[in-house]
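Chemist: Each residue of the sequence shown is one higher than the last, beginning at 0 in numbering that gives the first Met the number 0. For each residue, glycine too, the CB sits at the ideal point set by N, CA and C.
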Amino acid sequence: MEVVLEKSLNRAAYVDEENWAIEKHKVFASNWFCIGRHDEVGSTSGSYKLVDLQGEQVLVVRGADSSLRAFVNMCRHRGTELVDSTDASVVEGCFGALIRCPYHNWTYNTDGSLRGAPHLADIDYESSGLLQLGLEVWGGFV
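1. List the endpoints of the continuous alpha helix (DSSP H) containing ASN18.
2. Going straight from the alpha carbon of TYR124 to that of GLU17, what length do you get?
3. Could you check what DSSP says for ASP51 in three-state terms: helix, strand or coil?
4. Taking the DSSP output, what are the residues bridged to CYS93?
5. Return the first residue and the last residue of the beta strand (DSSP E) that GLY115 is part of.
6. Here's a check: name, in chain order, each residue in its chain whose Cβ is nearer than 6 Å to the Cβ of TRP105, leaving out the five neighbours to either side.
7. Can you check DSSP and say which residues form a bridge with ILE98?
8. Going straight from the alpha carbon of VAL141 to that of TYR13, what length do you get?
9. Run through DSSP, which three-state label would ALA12 get?
10. Go through its chain and collect everything with a Cβ distance to ARG36's Cβ below 8 Å, but skip five positions before and after it.
11. DSSP beta-bridge partners for VAL60?
12. Based on the DSSP output, what are the partners of ARG36 in its beta bridges?
13. What distance in whole Å lies between the Cβ atoms of ASP83 and VAL89, which are believed to be in contact at a cut-off of 8 Å?
14. Out of ASP86, ALA120 and VAL71, which has the shortest C-alpha to C-alpha gap to ILE227?
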């Protein structure tokens with residue numbers, strides 16, 4: 000029996016949602032991505048860049064210590080986006096000293112730790128910070 004090789008992948012390999020879900024999980028979920036250059040995020044503490052990473056909204060934030068950190072673009076209280084991902088004018092900006100949730104005014108330090116949770120005295124501040132993602136800077140690339 001002779002095996003015939005196709006010259007290219009069939010169309011489904013490029014457009015099928017099920018194939019894409021498998022590829023995201025098996026290939027992309029466990030690998031590093033270059034999402035830009037470190038100088039694309041302002042030098043001021045609280046400067047940020049919103050990045051779409053395979054459909055997930057990621058905030059890259061410059062901390063008070065000048066380090067870059069990556070966080071899921073979501074408040075830990077009710078899951079509200081910290082930066083509106085549908086507004087193209089806010090892809091880059093500056094939070095200032097605090098990252099503030101627009102819904103219930105929770106505030107986070109630029110290192111992602113919870114700073115304030117109005118009207119919730121018994122909250123565990125230690126475990127309620129922003130969800131941090133792995134981030135490294137190599138040769139100026141993030």
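Modeler: Let me spell this out:
1. In the sequence shown, the residue the question calls residue 18 occupies position 19. That run of the alpha helix (DSSP H) goes 16 to 22.
2. Sequence index remark: in the sequence shown, residue 124 carries index 125 (1-based). Sequence index remark: in the sequence shown, residue 17 carries index 18 (1-based). In a straight line, the C-alpha of TYR124 is about 39 Å away from that of GLU17.
3. What you label residue 51 is simply residue 52 of the sequence shown in a count that begins at 1. ASP51 falls in the strand class under three-state DSSP.
4. What you label residue 93 is simply residue 94 of the sequence shown in a count that begins at 1. CYS93 pairs with SER46.
5. The residue given as residue 115 occupies position 116 in the sequence shown. Where GLY115 is concerned, the enclosing beta strand (DSSP E) stretches over 113 to 115.
6. Taking the first residue of the sequence shown as position 1, residue 105 is located at position 106. Same-chain partners within the cutoff: CYS74, HIS76 and ALA116.
7. In the sequence shown, counting from the first residue as 1, residue 98 sits at position 99. BP columns for ILE98 point to TYR107.
8. Indexing the sequence shown from 1 puts residue 141 at position 142. Indexing the sequence shown from 1 puts residue 13 at position 14. Computed Cα separation, rounded: 27 Å.
9. For this step, residue 12 is matched to residue 13 along the sequence shown. Note: ALA12 maps to helix in three-state DSSP.
10. In the sequence shown, counting from the first residue as 1, residue 36 sits at position 37. Only GLY139, PHE140 and VAL141 meet the Cβ criterion.
11. Position 61 of the sequence shown holds residue 60. DSSP output for VAL60 lists TYR47 and ARG68 as bridge partner(s).
12. Translated into positions along the sequence shown, residue 36 becomes position 37. Its beta-bridge partners are PHE140.
13. Sequence index remark: in the sequence shown, residue 89 carries index 90 (1-based). Sequence index remark: in the sequence shown, residue 83 carries index 84 (1-based). Yes, they are in contact, since the Cβ atoms of VAL89 and ASP83 sit about 6 Å apart, within 8 Å.
14. Look at the range of the chain in this structure, 0 to 141, and you will see that residue 227 is not part of it.
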